[in-house]
Amino acid sequence: MLDGLLLGVEVALSWQGLLMCAIGVTLGTVIGVLPGIGVLASVSLLMPITFGYPPAIGLIMLSGVFYGAAYGGSTTSILMNLPGTANTAVTCLDGHPMAQQGRAGVALFITTIASFIGSIGGAIVLAVLSMPLANLARNFGSQEYLAVMVLGLMAAAAFATYGLARAMAMTALGILIGLIGIDLNTGLERYTFGMPSLFDGVPIVAIAIGLFGLPEVLANLSRRDEAPPPVISVTLREMLPTREDMRRSTPSMVRGGLVGCLFGILPGAGSLLASFMSYAVERNSSKTPEKFGTGMIEGIAGPETANNAAIQTAFIPTLSLGVPGDSTMAIVLVALIYHGIDPGPNFVTQHPNIFWGLIVSFLIGNLMLLVLNLPFIGLWVKMLRIPNSILYPAIVVFSCIGVYSVRLMPSDLFLMAGCAVLGYLMRSFRLDAPPLLLGFVLGPMMEEHFRRTLLISRGDPAAFLSTGLTWGIYLLMIAMVGWSLWRNALTRRRVKAQAAG
Amino acid sequence: MSEPKFEIFQGNLVIGGVLSLIGAGALWTGLGYGMGSMMRVGAGAFPVVVSGLMLACGLAVMAESLWGRGRAAVIPLGALRAGLGLVAAIATFALTIQSLGLLAAVALCVFFVSLAGQSVNWRHTLALMVVLPLASWLIFALGLGQQLHAFG
Chain W
1 MLDGLLLGVE
11 VALSWQGLLM
21 CAIGVTLGTV
31 IGVLPGIGVL
41 ASVSLLMPIT
51 FGYPPAIGLI
61 MLSGVFYGAA
71 YGGSTTSILM
81 NLPGTANTAV
91 TCLDGHPMAQ
101 QGRAGVALFI
111 TTIASFIGSI
121 GGAIVLAVLS
131 MPLANLARNF
141 GSQEYLAVMV
151 LGLMAAAAFA
161 TYGLARAMAM
171 TALGILIGLI
181 GIDLNTGLER
191 YTFGMPSLFD
201 GVPIVAIAIG
211 LFGLPEVLAN
221 LSRRDEAPPP
231 VISVTLREML
241 PTREDMRRST
251 PSMVRGGLVG
261 CLFGILPGAG
271 SLLASFMSYA
281 VERNSSKTPE
291 KFGTGMIEGI
301 AGPETANNAA
311 IQTAFIPTLS
321 LGVPGDSTMA
331 IVLVALIYHG
341 IDPGPNFVTQ
351 HPNIFWGLIV
361 SFLIGNLMLL
371 VLNLPFIGLW
381 VKMLRIPNSI
391 LYPAIVVFSC
401 IGVYSVRLMP
411 SDLFLMAGCA
421 VLGYLMRSFR
431 LDAPPLLLGF
441 VLGPMMEEHF
451 RRTLLISRGD
461 PAAFLSTGLT
471 WGIYLLMIAM
481 VGWSLWRNAL
491 TRRRVKAQAA
501 G
Chain C
1 MSEPKFEIFQ
11 GNLVIGGVLS
21 LIGAGALWTG
31 LGYGMGSMMR
41 VGAGAFPVVV
51 SGLMLACGLA
61 VMAESLWGRG
71 RAAVIPLGAL
81 RAGLGLVAAI
91 ATFALTIQSL
101 GLLAAVALCV
111 FFVSLAGQSV
121 NWRHTLALMV
131 VLPLASWLIF
141 ALGLGQQLHA
151 FG
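Protein sequence lines correspond, in order, to chains W and C. Just so you know, the first sequence maps onto residues 1 to 501 in our numbering. Just so you know, the second sequence maps onto residues 1 to 152 in our numbering.
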């Protein structure tokens, strides 16, 4: 492990590594601060640009965008009561009231420190757990891989915002879209409607930007121009927390970090759920739960730590199994594959420079983010004042150029436009997009393992449940789905009770 | 004052129906790809399993609406203009990028996105139509070396 760290230092501290890490986290902060630019869409836009670099360097930059955005997102949540990214929505609940009470500086300071602690903790867990998990996964056959993917998809559907059936339908739709193109086993073209541009499949960049980036732009364009919510300004001097603030937030950060690490590793759960869970944990363990929502510092310290810890630990299944747990990690997986790397149990031993380079870059990138988000906070606050009439055309133009430059095929742009409209309609009809993207990425891999399982067992369907490990994975899946359904039912009853009382 | 909007009552019924139809269509098409045998699974087997699942889920969503959980889907009328503008912007970019080149394609794209908004700030739009093409060329063609030509 020490050798690994040294190798990682060599990669991450090279001038290229440092530069790309700095670019990644800065872009991430910008993307996080500006509401309406999705992290997922941005990373898929940036992905083709990294192809010219060695894979380690490209991944360092892309991951920098991910965790950088989590820092930036909380700034907007606190100052404008708008989540800069979905993951920091929870931070609005108590962060914005704090800002209204003149404690914006303290809230920003605490979220930044919490993000830092969560990230570092998550990175350490990633470094420690990846190897053992990879060793376990070396015994995986196709049936186990299929089981893990089914687990990830079912969990993602169960934790989706709008209900299990519609999320599962979206997952299935994503898998079907993923199957578009020529089937490598039989040479048959499937679901291409005879269009040659679809023979190679649907490009993920067009889907990701169309479904995640542009619907937000569309929603904002279709709103009447109201005065944007005022931005609360903040000075450096206001940022220092009192001793009381620190005393109250420290245990929250520890609890948040634990929740975050757990939910990051679990496939399908992800950082959004981690931050919501952490908020619930904080409220339940507080002596004054009724005060949550009025500016409780625990309510930002816990979720922010959880969110960032989960972002880092979500890399564990992606890197050591090659199975992404959520839609953002699906993009990381695609980036790895595009760079010619096969993520899986042998990844850590075969590409130690990438694995350890990434981990060391997480440490460095988070240090950079501390600097970016504390002394330079004024800069980001100014950026929130960019008018929409400049912001949205720029986003659309960059999306077009990004999608076009991947394959230089104008037809991909029409596909993106179609996805944008589809994505907007999906929101209006309360259909989740993340399960669709996860299905899109996992679908072809699942079919491969589905076929291989049957081939190896000579056509015996019992093979899908032939080992203890597969039973364990499917039982975990049933437990996770059951728990989420029970939790949803509980929330619904509470909402009804509140409406009645 | 409330915004003018479309309201689709029974949103669940409608969307469940649409999902079921897509699932059924994919199922029908998938059956045509051939199921193969259990040993050598054909190109249709996996799509049939997945689209069957989709059909079932779509029916479940429809069933929810019968249980009284039909919620209306609301689309503000402004979305029509925004959607048309956005699609026009992307389509124009797609149709001009190869013939007219990057500079013109970006400028036209900016123009249509600006029209998509509910009010147009012409000063911003004109400035952006000049600045953004140059900036995109500098960043993507010069800086990142993407294969984009300034003029056709």
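Here a beta-carbon is modelled for each residue, glycine too, at the ideal position from N, C-alpha and C. For clarity, every value in this text was computed on a predicted model and none was experimentally measured.
Under the three-state DSSP convention, the category residue i falls into
| i | result |
| --- | --- |
| R190 of chain W | strand |
| V49 of chain C | helix |
| G44 of chain C | coil |
| K496 of chain W | helix |
| P76 of chain C | strand |
| I567 of chain W | Outside the displayed span of chain W (1 to 501) sits residue 567 of chain W, for which this structure offers no information. |
| I180 of chain W | coil |
| G201 of chain W | coil |
| K291 of chain W | helix |
| G257 of chain W | helix |
| S285 of chain W | helix |
| I8 of chain C | strand |
| G340 of chain W | coil |
| M1 of chain C | At M1 of chain C the pLDDT is 41, less than 50, meaning the model places this residue with poor confidence and gives no usable figure here. |
| L34 of chain C | According to the sequence shown, residue 34 of chain C is Gly rather than Leu. The answer is coil: DSSP assigns G34 of chain C none of H, G, I, E or B. |
| S99 of chain C | coil |
| A160 of chain W | coil |
| M39 of chain C | coil |
| H449 of chain W | helix |
| A88 of chain C | helix |
C-beta contact flag for residue i and residue j at 9 Å
| i | j | result |
| --- | --- | --- |
| M480 of chain W | L221 of chain W | no |
| G58 of chain C | G101 of chain C | no |
| G64 of chain W | G260 of chain W | no |
| G85 of chain C | G117 of chain C | yes |
| I316 of chain W | I364 of chain W | no |
| W356 of chain W | L5 of chain W | yes |
| R430 of chain W | T161 of chain W | yes |
| V30 of chain W | G72 of chain W | yes |
| T50 of chain W | H339 of chain W | yes |
| P47 of chain C | L198 of chain W | no |
| V106 of chain W | V231 of chain W | no |
Interface flag, residue i vs chain C, CB-CB below 9 Å
| i | result |
| --- | --- |
| Y474 of chain W | no |
| C261 of chain W | no |
| F212 of chain W | no |
| C21 of chain W | no |
| V421 of chain W | yes |
| V33 of chain W | no |
| A219 of chain W | yes |
| Y338 of chain W | no |
| R458 of chain W | yes |
| P55 of chain W | no |
Beta carbon proximity, residue i to chain B, threshold 9 Å
| i | result |
| --- | --- |
| S37 of chain C | Here the protein chains are W and C, and chain B is not one of them. |
is_contact[residue i, chain W] using C-beta, thresh 9 Å
| i | result |
| --- | --- |
| Q10 of chain C | no |
| G34 of chain C | yes |
| L19 of chain C | yes |
| L144 of chain C | yes |
| F140 of chain C | yes |
| V158 of chain C | The requested residue 158 of chain C is not part of the displayed model; chain C covers only 1 to 152. |
| S65 of chain C | no |
| G42 of chain C | yes |
| G78 of chain C | yes |
| A94 of chain C | yes |
| F151 of chain C | no |
| V61 of chain C | yes |
| S136 of chain C | yes |
| L100 of chain C | no |
| A105 of chain C | yes |
| L126 of chain C | no |
Supposed close pair residue i, residue j - CB separation, criterion 8 Å
| i | j | result |
| --- | --- | --- |
| A89 of chain C | V396 of chain W | 6 Å |
| N307 of chain W | A70 of chain W | 6 Å |
| L34 of chain W | L272 of chain W | Actually they are not in contact, since the Cβ atoms of L34 of chain W and L272 of chain W sit about 19 Å apart, beyond 8 Å. |
| I300 of chain W | T91 of chain W | 5 Å |
| V110 of chain C | L134 of chain C | Actually they are not in contact, since the Cβ atoms of V110 of chain C and L134 of chain C sit about 12 Å apart, beyond 8 Å. |
| M154 of chain W | G268 of chain W | 7 Å |
- Item | Selection of the stretch 375-392 of chain W by Cβ proximity to chain C, strictly under 8 Å | Residues of the stretch 375-392 of chain W whose Cβ lies closer than 8 Å to any Cβ of chain C, in chain order: P387, N388, S389, I390 and Y392.
- Query: Listed in chain order, which residues of the stretch 159-182 of chain W have Cβ atoms closer than 8 Å to some Cβ of chain C?
  - Reply: Hits within the stretch, in order: G163, A165, R166, M168, A169, A172, L173, I175, L176 and L179.
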